[in-house]
Amino acid sequence: MIYHKFQKYRKRFFLAAFVYLLIFAAELLYDSIPDEIYAIQGNEEEIHFSLPVTVEKTEKSLSVFRNNSVKLNQNVNLNQDYQVSCKFLNLIPVKEVAVHVVEKRYVMPSGIPIGIYTKTKGILIIGTGKVTASDGLVYEPADQIVQSGDYILSVNGKTVSRKEELVELVNASGGKAVVLKILREEKTIELKIKPVLLQDNSYKLGIWVRDDMAGVGTLTYICQDLKYGALGHPVSDGDTGTMIRLAEGKVYDTDIVGIVKGKDGSPGELTGVINYKEENCLGNIEENTPTGINGTLNKMPEEMEDAYVEVGMKQDIHTGEAYILSSLDGSLQQYRIDIDEVDLNCKEENKGILFHVTDDLLLSETGGIVQGMSGSPILQDGKIIGAVTHVFISDATKGYGVFIEKMLEH
1 MIYHKFQKYR KRFFLAAFVY LLIFAAELLY DSIPDEIYAI QGNEEEIHFS
51 LPVTVEKTEK SLSVFRNNSV KLNQNVNLNQ DYQVSCKFLN LIPVKEVAVH
101 VVEKRYVMPS GIPIGIYTKT KGILIIGTGK VTASDGLVYE PADQIVQSGD
151 YILSVNGKTV SRKEELVELV NASGGKAVVL KILREEKTIE LKIKPVLLQD
201 NSYKLGIWVR DDMAGVGTLT YICQDLKYGA LGHPVSDGDT GTMIRLAEGK
251 VYDTDIVGIV KGKDGSPGEL TGVINYKEEN CLGNIEENTP TGINGTLNKM
301 PEEMEDAYVE VGMKQDIHTG EAYILSSLDG SLQQYRIDID EVDLNCKEEN
351 KGILFHVTDD LLLSETGGIV QGMSGSPILQ DGKIIGAVTH VFISDATKGY
401 GVFIEKMLEH
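Position 296, counted from 1, in the sequence shown is what the working numbering calls 296; the numbers after and before it change by one each time, with no gaps.
So, in structure tokens, the structure goes:
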């Protein structure tokens with residue numbers, strides 16, 4: 001009897017395990033096929049999948065199928081999108097892939113360091129704190145009311161954009177509760193907080209706030225019309241970890257004055273001096289996006305050479321030799337890396353390229369990838385294919401990159 005029960009449960013266990021493996025395999029297959037592909041008009045190219053899938057255009061008269069590859073013949077109108085259908089073993093539909101037809105593009109790879117200054121759209125709340133009131137007691141008036149990452153848009157109906165305006169309106173309340181209009185995760189709400197009178201006769205809400213931030217990054221590319229892209233990841237607040245809402249911003253010439261080498265547990269950084277004089281302003285920041293900042297330059301940086309290269313699509317990228325372009329000592333230099341993995345359907349937009357540094361000079365100077373190198377262009381086979389975005393905290397020689405086509409979307 002016990003043996004039969006054991007047999008019954010063992011069969012159920014193996015059945016459940018088999019079903020789980022099927023689901024896991026299906027999800028793996030689905031995730032390994034990209035949701036979308038950019039293809040150059042007029043080019044005929046093949047995109048190979050390391051999977052037993054067949055691919056064909058959805059239009060009945062335009063079959064383009066090969067075993068485990070899709071052949072893109074772009075004799076179609078520019079910006080005319082279409083879809084291809086992927087089938088497992090030519091039987092089971094797995095996924096439809098959107099193909100966006102774009103013209104061949106050329107940009108100038110940069111690699112020069114830039115100073116980044118941004119003003120937030122609204123006043124960013126980074127946390128709450130305790131205050132000692134005039135009666136000697138300690139209060140935390142904003143606790144459990146506001147949250148880190150909230151933006152203060154107005155106080156008692158008056159729009160605020162600077163910390164000084166917030167302080168002025170809170171002091172003008174005379175201790176009466178103030179109404180804050182808050183933006184929280186794209187929703188606008190109103191909250192009431194009663195300020196606390198301090199011994200210096202000022203009033204405080206017990207809120208830590210920020211209305212601007214600055215840092216050092218790398219300019220990735222420049223277009224012929226002086227439009228640019230930089231950084232490869234968003235400008236985010238270091239305390240809340242959220243992408244900032246941008247009101248305005250500028251990029252400046254900057255000089256690298258020091259390098260803290262990366263090591264296990266510490267990513268290292270480039271230390272730069274930003275000169276905020278108007279003559280050192282390179283241009284404005286128009287957007288802060290998940291794949292970097294972009295805007296328009298006032299002038300071409302002096303360090304740049306007039307050398308435009310073709311933009312490579314993600315399906316052009318292969319494992320093996322590549323280079324990053326960066327300026328650590330005032331002169332642009334290419335440093336050798338090896339691409340280890342290309343994730344055509346990465347869930348995080350700026351982690352599609354996995355690589356490790358092999359260049360002896362870069363390893364000796366920085367230990368690998370350090371903060372401030374984000375945005376350094378990645379070149380392979382004479383094309384710009386991406387930009388450096390992240391470094392592994394546990395191993396400074398390893399990093400991630402974003403596909404250049406994702407940066408150019410903006």
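Virtual Cβ for every residue (Gly too), placed ideally from N, Cα, C.
Distance between beta carbons of residue j and residue i, contact taken as under 8 Å
i, j, result
"G312", "I384", "6 Å"
"V99", "Y82", "5 Å"
"Y228", "G295", "6 Å"
"N284", "G249", "7 Å"
Between the CA atoms of residue j and residue i - distance to the nearest angstrom
i, j, result
"T188", "A214", "27 Å"
"T271", "L219", "16 Å"
"T120", "I378", "30 Å"
"V76", "D360", "In this predicted model, V76 has a pLDDT of only 49, less than 50, meaning its place in the structure is not dependable; the value taken from the coordinates is given anyway. Whole-angstrom Cα-Cα distance: 46 Å."
"H233", "E310", "22 Å"
"S376", "A172", "48 Å"
"M304", "V388", "19 Å"
"L62", "K398", "Here the model assigns L62 a pLDDT of 39, short of 50, so the residue's position is not dependable and the matter cannot be decided."
"K194", "D316", "59 Å"
"V402", "A39", "17 Å"
"I152", "Y117", "20 Å"
"T358", "F88", "38 Å"
"D239", "P93", "45 Å"
"V260", "Y323", "22 Å"
"T254", "L297", "15 Å"
"K347", "E168", "44 Å"
"E341", "H356", "10 Å"
"I33", "L344", "7 Å"
"S134", "K204", "11 Å"
"I125", "P141", "14 Å"
"G175", "V107", "57 Å"
"N67", "D212", "Any reading at N67 needs caution, since the residue's pLDDT is 42, under 50, leaving its predicted position unreliable; the model's value is listed next. Distance between the alpha carbons of N67 and D212 is about 53 Å."
"E321", "S374", "20 Å"
"R210", "E278", "23 Å"
"R162", "V155", "12 Å"
"F65", "V97", "Low confidence applies here, because F65 scores a pLDDT of 38, under 50, leaving its location unreliable; read the following figure in that light. If you take the alpha carbons of F65 and V97, they lie about 13 Å apart."
"G268", "L197", "43 Å"
"G122", "D381", "44 Å"
"P109", "S326", "10 Å"
One or two residues paired with residue i in a DSSP bridge
i, result
"E252", "It is Tyr, not Glu, that sits at residue 252 in the sequence shown. Y252 pairs with G115 and C281."
"G292", "T289"
"L379", "Y323 and I384"
"S236", "M243"
"H410", "According to DSSP, which records beta bridges pairwise, H410 is partnered with nothing at all."
"H390", "Y400"
"V101", "A39"
"T218", "P113"
"S154", "T159 and K181"
"K263", "S266"
"M213", "T118"
Per-residue burial, residue i [other beta carbons within 10 Å of its own, 16 or more giving buried]
i, result
"L231", "buried"
"G258", "exposed"
"M300", "exposed"
"Y252", "buried"
"L390", "Reading off the sequence, residue 390 comes out as His, not Leu. By the 10 Å Cβ count, H390 comes out buried."
"K181", "buried"
"Q144", "exposed"
"K263", "exposed"
"L137", "exposed"
"Q199", "exposed"
"N73", "Summary for N73: the model assigns pLDDT 49, below 50, so the residue's position carries little reliability; its value from the coordinates is reported in the next sentence. Burial call: exposed."
"N288", "buried"
"N201", "exposed"
"I319", "The residue you asked about is not Ile; residue 319 is Thr in the sequence shown. The residue in question, T319, is exposed, as its Cβ has fewer than 16 Cβ neighbours within 10 Å."
"T291", "buried"
Coarse secondary structure for residue i, derived from DSSP in three states
i, result
"M243", "strand"
"I404", "helix"
"E269", "strand"
"E190", "strand"
"V160", "coil"
"E140", "coil"
"D338", "strand"
"E302", "coil"
"T132", "strand"
"S364", "helix"
"Q315", "helix"
"E411", "Lying outside 1 to 410, the shown extent of the chain, residue 411 is not represented and no answer is given."
"V170", "helix"
"Y106", "strand"
"I125", "strand"
"I274", "strand"
"Q414", "As displayed, the chain neither begins before 1 nor continues past 410, which places residue 414 out of reach and without an answer."
"L226", "coil"
Test: residue i CB closer than 9 Å to a CB of chain B
i, result
"H318", "The structure shown contains no chain B, having only a single protein chain."
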